[in-house]
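Chains as they are written, first to last, in our numbering: chain F, 46 to 497; chain U, 6 to 468.
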């Protein structure tokens, strides 16, 4: 017999614990890998698992749970009691959110995605591959993901909530001889997955120019397309979480201060229904919110769960994770916009267009110093025109430049965006989703391999 | 576990009945606990209990994997039946020996939760006393990994390993300046491998050194930085360089573009295998047979016996890391490099313990031989391009070398160079040697597996 989430919560409270949260996830997810212009393999996962959080006299403990059968639940409960008895009080812990809550976010999903099978995925993958090849791609790689998730959260503070989500995502990397381009299309609705149009666009980007050249190290204006630019700005949301702020973030002590270009707004949005990764409630049942973090350049909010909000005499922003606050999804807006990326390109004298990055690493989270490595087609712009694709290392199929910047400087130096906001993601940041336009960041330090 | 093993055997026999050309089942149970302390507060007291099964099937060249934590006949049957042909490339597995084996490592010292928490608290208290400390955190976890592998060729393997990992971080401030440092430790062993005094000493010494960098460090001009020719790199720098710029590019799935979309490719391709990569002093190995190490295993996740591989011999690229799929493609036997981070993910080609072979020179002689240059001791930020050709290691602790002696600390030294330049510049090898723990990420979904990386101190001549 399986235990329900409610019965586990009741049991924990009846055994003397002050609070309990049981979060049950059931999901079916498939990853189809494309390699060398073929479907390479498919991995399908089917799981039902959960996590339990509990507290007693400011002592907190967590456990994961893989099975809801009697023996496994008994073992998890015994483990929690042992953890609580060994724990030392967390003096700044202030409890979980007090329900019940009303959720105004709909709990629906696209049944065509939710009921996916491998043949639907293979059809979509071959549509993308064939379109790419027809548009002169010489090699096609990528991943197509289909996912359906059901969630049930019960807490000892009168929360009993359900949520469901289904989405599809295709990441394609297309090669055109010694140049490549990569991007992501993702949606909660199958009708938005225009894989052929998407593949054609990436194939055209990979052959945007056949001219190749080298640049010198120095300062450049950098245009980031949506995926790499938005991916970098998601660091604002993670560093705005109170747990990050306490542990040393470039946003520590910045509340109420101008930290970005006056035309920038950044939100942490848990309510945008089309945005993958958002949901009706956070990990303690508080309704998710749309929290503005940056308002016309001013940093205006930290992200809290119930406990940190109480500590700092404010309200939860609906960002509870199992223990610490976590961001929802980033939405970036810029009020000085050019029509499209071509107009952004025409506006700069000496610059670089970055279409993908990876290995973004911080040398210091407190200052925000980081570097990141552009990959795939990266264009050099002079006098408003694309001159060539940057290739610093001759025959090796790589760009060979590195960007060294600081998050606060980058926020300040972001002077324009294009009017091309879209939902996207980046492998570099672990697959979170966000809405962002292409942006222009002025005066970025770039090192080039030939002068390193 | 016995009942679950029956389910694994059932998965293989049911797959054979359905006409799959090959099948395998991998069953995993992990149990343990972990603690995390931040700023003196116990932030995490977690129990780990994870079990599940992965079934991989091959039919007409299609490689299909199904995983679940619902280990029962009905779910397994539905999972196998969820395969639909997808007209894949023709995957051909290498022919490997059929094995029936069992291996385990025992904990010499088993840790109770109270003891681990006490030790973490003790380390946290010492960190609190560090000069300039702004923020501190500690984590430690202990678990037992129990696995059973069976395939349709008749191979059966039982494995049991104790796993221990710990992680510490400090943020130090001096006026407006700050530096951060992380310390990571891990082993396939019991609590006897948790060397609390060594951990405390390393955190204290490195923190003092970082404070010294902030207090007394100098900033070199662009002109001075551009003129640095001789660099002595520590085992920590050598370790990350070995891992990122040699280990990853030698993974056959990158070389042959299977990982091109996400984890990236390699400067190696089928046309340049065996290329001259470095000077004659460069000998690099990947060795999963080092007992007690983070990357230790006896059989890989495809039931192939693990062995030591020489990736670079006297500066020439020698062997690739392979699994059965890429060994099959190359007409070779697999060298046992298939690993997954969990039953729920497919095994990929991964490193284990990767290192540069040490030499015979004293550290002091390396510095003396350098004469004038830089000693780079540790890093915080690093990165590399997707072909692994162009890397950067930020000198968290770096020092000038003047007249053959270590001098003032430098605040702004960054070693940024191409892979070929780095390894071609190796002139002398120290006789010191150290392996550092790491968690290596690859794939989609991202998989992190425990590894180690290291080597001796080396003298680089970047002229």
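All residues carry an ideal CB built from backbone N, CA and C; glycine is no exception.
Beta-carbon proximity check, residue i vs residue j, cutoff 7 Å
i, j, result
"residue 3/U", "residue 142/U", "No answer is possible for residue 3/U: the residues shown for chain U start at 6 and end at 468."
"residue 414/U", "residue 243/U", "no"
"residue 72/F", "residue 88/F", "no"
"residue 131/F", "residue 167/U", "no"
"residue 363/F", "residue 327/F", "yes"
"residue 20/U", "residue 62/U", "yes"
"residue 201/U", "residue 129/U", "no"
"residue 240/U", "residue 306/U", "no"
"residue 199/F", "residue 51/F", "yes"
"residue 396/F", "residue 265/F", "yes"
"residue 491/F", "residue 446/F", "yes"
"residue 518/F", "residue 315/F", "A query on residue 518/F cannot be resolved here, the shown segment of chain F reaching from 46 to 497 and no further."
"residue 244/F", "residue 170/F", "no"
"residue 272/F", "residue 184/F", "no"
Beta-carbon neighbours of residue i, restricted to chain U and to distances below 8 Å
i, result
"residue 125/F", "52"
"residue 502/F", "The question about residue 502/F has no answer, for chain F in this structure spans 46 to 497."
"residue 442/F", "270, 392"
"residue 121/F", "52, 54"
"residue 422/F", "Going along chain U, no residue has its Cβ under 8 Å from residue 422/F, so there is no contact; the nearest lies around 13 Å."
"residue 109/F", "51, 52, 53, 54, 55"
Any non-hydrogen atom of the ligand HEM closer than 6 Å to residue i Cβ
i, result
"residue 19/U", "Summarising the ligand content, the structure contains no ligands, and the ligand HEM is consequently not present."
Proximal residues of chain F, C-beta to C-beta of residue i below 9 Å
i, result
"residue 262/U", "80, 81, 184, 186, 220"
"residue 153/U", "Simply none; closest approach about 16 Å."
Proximal residues of chain F, C-beta to C-beta of residue i below 7 Å
i, result
"residue 387/U", "406"
"residue 206/U", "Simply none; closest approach about 24 Å."
"residue 450/U", "76"
Residues that residue i contacts on chain U, provided the C-beta gap is smaller than 9 Å
i, result
"residue 260/F", "Within chain U, no residue comes near residue 260/F; the closest Cβ sits about 14 Å away, beyond 9 Å."
"residue 279/F", "Those do not exist, as residue 279/F stays about 16 Å from chain U at its closest Cβ, beyond 9 Å."
"residue 105/F", "47, 48, 49, 50"
Closer than 7 Å at the beta carbon, the chain U residues around residue i
i, result
"residue 494/F", "395, 423"
"residue 164/F", "89"
"residue 368/F", "48, 49"
Partner residues on chain F for residue i, Cβ-Cβ distance less than 8 Å
i, result
"residue 118/U", "127, 128, 131"
"residue 327/U", "Per Cβ cutoff of 8 Å: no residues; residue 327/U is ~16 Å from chain F at best."
Under 7 Å by beta carbon: chain C residues contacting residue i
i, result
"residue 274/F", "Of the protein chains in this structure, namely F and U, none is chain C."
Every unbroken beta strand (DSSP E) within the region 249 to 318 of chain U, with a cutoff of 3 residues, ordered by chain: Fully enclosed beta strand (DSSP E) runs of 3 or longer: 289 to 291, 314 to 318.
Inspect the CB distances between the region 190 to 207 of chain U and the region 215 to 227 of chain U and report whether three or more fall short of 8 Å. When Cβ pairs closer than 8 Å are counted between the two stretches, the region 190 to 207 of chain U is seen not to touch the region 215 to 227 of chain U, the count staying below three.
Determine contact between the region 261 to 272 of chain U and the region 179 to 189 of chain F, defined as no fewer than three beta-carbon pairs at a distance below 8 Å. As far as the Cβ criterion goes, the region 261 to 272 of chain U touches the region 179 to 189 of chain F, which means the pair count is three or higher.
Contact between the region 456 to 468 of chain U and the region 343 to 358 of chain U (3+ Cβ pairs under 8 Å): Yes, since at least three Cβ pairs between the region 456 to 468 of chain U and the region 343 to 358 of chain U fall closer than 8 Å, the two stretches touch.
What are the start and end residues of each continuous beta strand (DSSP E) run of 3 or more residues lying completely inside the region 40 to 114 of chain U, in chain order? Counting whole runs of 3 or more residues, the region 40 to 114 of chain U contains the beta strand (DSSP E) stretches 46 to 64, 67 to 73, 105 to 109.
Three CB pairs or more closer than 8 Å across the region 293 to 303 of chain F and the region 363 to 370 of chain F: The region 293 to 303 of chain F makes no contact with the region 363 to 370 of chain F; the number of CB pairs closer than 8 Å stays below 3.
Secondary structure, alpha helix (DSSP H): runs of 4+ residues fully inside the region 157 to 209 of chain F: DSSP runs (the alpha helix (DSSP H)) wholly in the region 157 to 209 of chain F: 163 to 179.
Cβ-based contacts, 7 Å cut-off: residues of the region 390 to 412 of chain U near chain F: Against chain F - using a Cβ distance shorter than 7 Å - the residues of the region 390 to 412 of chain U are 390, 391, 392, 394, 395, 397, 399.
Using a Cβ-Cβ cut-off of less than 7 Å, give me the residues of the region 389 to 409 of chain F that come near chain U, in sequence order. For the region 389 to 409 of chain F, the set of residues with a beta-carbon nearer than 7 Å to any beta-carbon of chain U comprises 403, 404, 406, 407, 408, 409, in chain order.
For the region 422 to 440 of chain F against the region 345 to 354 of chain F, are there 3 or more C-beta pairs whose distance is under 8 Å? Here the region 422 to 440 of chain F does not lie against the region 345 to 354 of chain F, with fewer than 3 beta-carbon pairs under 8 Å apart.
Does the region 253 to 262 of chain F come close enough to the region 336 to 350 of chain F that 3 or more CB-CB pairs lie under 8 Å? Judged by Cβ distances under 8 Å, the region 336 to 350 of chain F makes no contact with the region 253 to 262 of chain F, as fewer than three pairs qualify.
Would you check if the region 409 to 425 of chain U and the region 334 to 342 of chain U touch, i.e. whether three or more CB-CB distances between them fall below 8 Å? Because the criterion of three Cβ pairs below 8 Å is not met, the region 334 to 342 of chain U and the region 409 to 425 of chain U do not touch.
Contact the region 305 to 317 of chain F vs the region 454 to 461 of chain F: 3+ CB pairs below 8 Å: The region 305 to 317 of chain F makes contact with the region 454 to 461 of chain F; the number of CB pairs closer than 8 Å reaches 3 or more.
When you compare the region 52 to 59 of chain U with the region 124 to 143 of chain F, are there three or more beta-carbon pairs, one atom per stretch, that lie closer than 8 Å? With the rule of 3 Cβ pairs closer than 8 Å, the region 52 to 59 of chain U counts as touching the region 124 to 143 of chain F.
Counting Cβ pairs, one atom from each stretch, are 3 or more of them under 8 Å apart for the region 155 to 171 of chain F and the region 221 to 229 of chain F? Cβ pair count under 8 Å is below three, so no.
Touch check for the region 251 to 261 of chain U and the region 271 to 281 of chain U: three-plus C-beta pairs under 8 Å? Taking 8 Å as the limit for Cβ pairs, the verdict is that the region 271 to 281 of chain U does touch the region 251 to 261 of chain U.
Across the region 361 to 375 of chain U and the region 434 to 446 of chain U, are there enough close Cβ pairs to call them in contact, namely three or more that are closer than 8 Å? The region 361 to 375 of chain U vs the region 434 to 446 of chain U: in contact.
Answer yes if the region 85 to 100 of chain F comes into contact with the region 54 to 74 of chain F, meaning at least three C-beta pairs across the two stretches below 8 Å, and no otherwise. Verdict: yes, contact present.
In the region 374 to 401 of chain F, which residue ranges form an unbroken alpha helix (DSSP H) of at least 4 residues, counting only runs that do not cross its ends? For secondary structure counted as the alpha helix (DSSP H) over 4 or more consecutive residues, the region 374 to 401 of chain F holds these complete runs in sequence order: 386 to 391.
Indicate whether the contact test is met: 3 or more Cβ pairs, each with one atom in the region 141 to 156 of chain U and one in the region 25 to 34 of chain U, closer than 8 Å. Judged by Cβ distances under 8 Å, the region 141 to 156 of chain U makes contact with the region 25 to 34 of chain U, as three or more pairs qualify.
Pairing CB atoms from the region 401 to 411 of chain F with CB atoms from the region 372 to 388 of chain U, are three or more of them under 8 Å? At 8 Å Cβ cutoff, the stretches touch.
Could you run through the region 447 to 478 of chain F and flag, in chain order, every residue whose CB is less than 9 Å away from some CB of chain U? Contacts with chain U (Cβ-Cβ distance below 9 Å) from the region 447 to 478 of chain F involve 447, 449, 472, 475, 476, listed in chain order.
Counting only Cβ-Cβ distances shorter than 8 Å, please list the residues of the region 136 to 170 of chain U near chain F, keeping chain order. Cβ contacts with chain F: 139, 140, 142.
What are the residues of the region 80 to 112 of chain U that lie near chain F, defined by any Cβ-Cβ distance shorter than 9 Å? For the region 80 to 112 of chain U, the set of residues with a beta-carbon nearer than 9 Å to any beta-carbon of chain F comprises 80, 83, 84, 87, 88, 89, 90, 91, 92, 93, 94, 96, in chain order.
Along the region 181 to 197 of chain U, where does the CB come closer than 8 Å to a CB of chain F? Name the residues. Listed by position along the chain: 183, 184, 185.
Please list the residues of the region 362 to 381 of chain U that have a C-beta atom closer than 8 Å to any C-beta atom in chain F, keeping them in chain order. Listed in sequence order: no entries.
Run through the region 370 to 449 of chain U for me and flag every whole alpha helix (DSSP H) of 4 or more residues, listed as ranges in chain order. Runs of the alpha helix (DSSP H) inside the region 370 to 449 of chain U: 424 to 429.
Does the region 387 to 402 of chain U come close enough to the region 277 to 294 of chain U to have 3 or more Cβ pairs within less than 8 Å? Judged by Cβ distances under 8 Å, the region 387 to 402 of chain U makes no contact with the region 277 to 294 of chain U, as fewer than three pairs qualify.
Please determine if the region 302 to 322 of chain U and the region 64 to 74 of chain U are in contact, where contact requires at least 3 C-beta pairs separated by less than 8 Å. Note that the region 302 to 322 of chain U does not touch the region 64 to 74 of chain U; fewer than 3 beta-carbon pairs, one per stretch, sit closer than 8 Å.
Below 8 Å, how does it come out for the region 315 to 326 of chain U and the region 79 to 89 of chain U: are there three or more Cβ pairs, yes or no? Pairwise C-beta distances place the region 315 to 326 of chain U out of contact with the region 79 to 89 of chain U, as fewer than three of them are shorter than 8 Å.
Going along the region 340 to 361 of chain U in order, which residues come within less than 8 Å of chain F, judged by CB to CB distance? Cβ contacts with chain F come from 349, 350, 351.
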